[in-house]
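Numbering (UniProt numbering), first residue to last: 1 to 389. Only one structure is covered here, and it is reproduced in the block below.
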């Protein structure tokens with residue numbers, strides 16, 4: 001497949017508003033839709049625009065119709081793409097295409113999920129007639145932690161990795177969360193502590209699994225030209241490149257258990273459309289619902305070679321002061337994870353590029369964001385910068 005080194009929008013699309021909900025964690029007094037609207041109003045205020053300018057609404061979970069109606073917006077363009085936790089990477093990419101083609105001029109992307117308190121959220125469950133209901137559920141693959149065990153064990157075996165290598169990911173990311181008052185898990189931890197935590201499903205212990213929270217976030221996306229005229233102009237973050245892709249709807253039918261095609265292909269397209277190399281990236285956000293995902297992503301997105309990801313974490317490259325800071329608010333393992341985490345990875349990338357992060361990495365100009373959806377069902381990649389391409 002041949003790809004152009006020119007982005008589909010020439011780097012002329014910017015994130016001008018970004019905000020999470022005012023509270024995250026356990027919020028039994030807030031419904032799912034109000035997490036959306038709280039984050040949306042904060043992001044609109046952050047952008048410094050009037051709500052009347054928004055003519056595009058994109059979200060995953062509830063329909064964009066419901067979100068727009070709750071906010072009193074009557075959009076001319078909507079996107080309800082739902083590919084799991086990486087939906088928000090895809091929605092930013094789709095919003096950029098809409099703006100570049102003038103199908104919309106200002107797009108609001110929202111997320112809100114009562115993942116912990118389950119307020120205003122449909123119940124869990126899958127149809128017995130679905131593919132997963134027929135071919136995975138009868139064998140005990142009823143939740144992400146039990147479904148993910150097959151690929152992670154194959155990944156570890158192929159590389160000679162151990163449970164200690166999974167624990168190193170948890171320890172590295174906890175260091176970023178300790179100073180962050182909004183993080184759910186802030187206690188210092190070591191490899192032995194991670195391994196001693198309650199077992200969930202082999203090889204995972206509790207600390208290798210994400211936190212479960214109520215939270216939301218929103219983004220305002222527009223053209224670079226419009227961004228120049230806003231009060232938030234000096235805080236604009238530009239989308240330089242992007243990619244997305246899908247595979248199977250069930251984990252057991254991955255094309256390759258120890259590598260994920262949408263990570264490889266999506267990242268390749270994101271870098272090629274941005275016209276950047278891995279050496280140009282200052283900061284990385286990897287979707288980390290479980291401790292193995294950053295290891296897969298490091299290798300599949302090309303930052304390290306096959307089998308090199310565990311040593312990369314152990315040697316401290318991803319920690320504060322390291323040469324490739326990863327998941328700098330603590331990630332889904334320590335910061336927050338409402339069920340679909342992708343929005344929060346983008347939010348932290350934006351904060352770092354704006355110089356507004358709790359634990360700020362010096363001199364950040366570029367950030368790479370990699371998401372995963374439906375466990376190993378989909379992927380979405382973004383290359384962001386505080387400098388226009």
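Here a beta-carbon is modelled for each residue, glycine too, at the ideal position from N, C-alpha and C.
Evaluate residue i with the Cβ neighbour count: other Cβ atoms within 10 Å of its Cβ, from every protein chain shown; 16 or more gives buried, anything less gives exposed.
i, result
"residue 129", "exposed"
"residue 132", "buried"
"residue 73", "buried"
"residue 101", "exposed"
"residue 331", "buried"
"residue 140", "exposed"
"residue 287", "buried"
"residue 264", "buried"
"residue 391", "Residue 391 falls outside the range modelled here, since the chain spans only 1 to 389, and no answer is possible."
"residue 226", "buried"
"residue 149", "buried"
"residue 52", "exposed"
"residue 5", "In this predicted model, residue 5 has a pLDDT of only 45, less than 50, meaning its place in the structure is not dependable; the value taken from the coordinates is given anyway. Under this definition residue 5 is an exposed residue."
"residue 65", "exposed"
"residue 173", "buried"
"residue 203", "buried"
"residue 122", "exposed"
"residue 277", "exposed"
"residue 387", "exposed"
Can you tell me whether residue i is helix, strand or coil according to DSSP?
i, result
"residue 370", "strand"
"residue 251", "helix"
"residue 181", "coil"
"residue 356", "coil"
"residue 375", "coil"
"residue 324", "coil"
"residue 82", "coil"
"residue 65", "helix"
"residue 199", "strand"
"residue 410", "Nothing in the structure corresponds to residue 410, since the chain is present only between 1 and 389."
"residue 342", "helix"
"residue 113", "strand"
"residue 35", "helix"
"residue 242", "strand"
"residue 19", "strand"
"residue 128", "coil"
"residue 263", "helix"
"residue 276", "coil"
"residue 313", "helix"
"residue 59", "strand"
"residue 88", "helix"
By Cβ distance, which residues of its chain are closer than 7 Å to residue i, with the 5 residues on each side in sequence left out?
i, result
"residue 347", "18, 20 and 217"
"residue 209", "145, 200 and 290"
"residue 38", "21, 22 and 216"
"residue 48", "230, 231 and 232"
"residue 235", "354"
"residue 345", "285, 287, 369 and 371"
Figure out for me which residue from the options has the closest Cα to the Cα of residue i.
i, options, result
"residue 352", "340, 365 and 342", "365"
"residue 76", "106, 83 and 361", "106"
"residue 27", "275, 214, 95 and 227", "214"
"residue 171", "143, 202, 227 and 319", "319"
"residue 12", "36, 41 and 95", "95"
"residue 194", "169, 176 and 212", "169"
"residue 359", "33, 384, 371 and 327", "327"
"residue 187", "44, 334, 315 and 368", "334"
"residue 63", "175, 109 and 98", "109"
"residue 176", "252, 35 and 361", "361"
"residue 84", "314, 244, 283 and 285", "244"
"residue 151", "283, 316, 315 and 254", "254"
"residue 260", "297, 274 and 304", "297"
"residue 302", "248, 271, 386 and 316", "271"
"residue 373", "384, 342, 363 and 350", "342"
"residue 29", "71, 54 and 120", "120"
"residue 198", "305, 321 and 207", "207"
"residue 67", "31, 350 and 300", "31"
"residue 275", "389, 312 and 166", "389"
"residue 142", "164, 252, 165 and 86", "252"
In chain order, what residues of the same chain lie with their CB nearer than 6 Å to the CB of residue i, ignoring the 5 residues before and after it?
i, result
"residue 295", "309"
"residue 250", "131, 132 and 136"
"residue 426", "Nothing can be reported for residue 426: it is not among the residues displayed for the chain, which extend from 1 to 389."
Take residue i and list the residues in its own chain whose beta-carbon comes closer than 8 Å to its own, dropping the five residues that flank it on each side.
i, result
"residue 126", "132, 133 and 137"
"residue 42", "19, 20, 21, 22 and 218"
"residue 98", "56, 77, 79, 104 and 107"
"residue 40", "67, 71, 108, 110 and 218"
Less than 8 Å between CB atoms is the rule here; does residue i satisfy it with respect to chain D?
i, result
"residue 215", "Among the chains of the structure shown, chain D does not appear; only one protein chain is present."
Hey, would you say the C-beta of residue i is under 7 Å away from at least one heavy atom of the ligand FAD?
i, result
"residue 29", "With respect to the ligand FAD, the structure offers nothing, as it holds no ligand at all."
Whether or not the stretch 109-122 and the stretch 335-346 are in contact is what I'm after, with contact meaning three or more pairs of Cβ atoms, one per stretch, closer than 8 Å; do they touch? yes
Could you tell me whether the stretch 237-247 touches the stretch 50-65, using the rule of 3 or more Cβ pairs below 8 Å? no
Counting pairs of Cβ atoms below 8 Å between the stretch 72-92 and the stretch 368-380, do you hit three or more? yes
Using 8 Å as the cut-off, can you tell me whether the stretch 177-189 makes contact with the stretch 142-159, which would need three or more C-beta pairs spanning the two stretches below that distance? no
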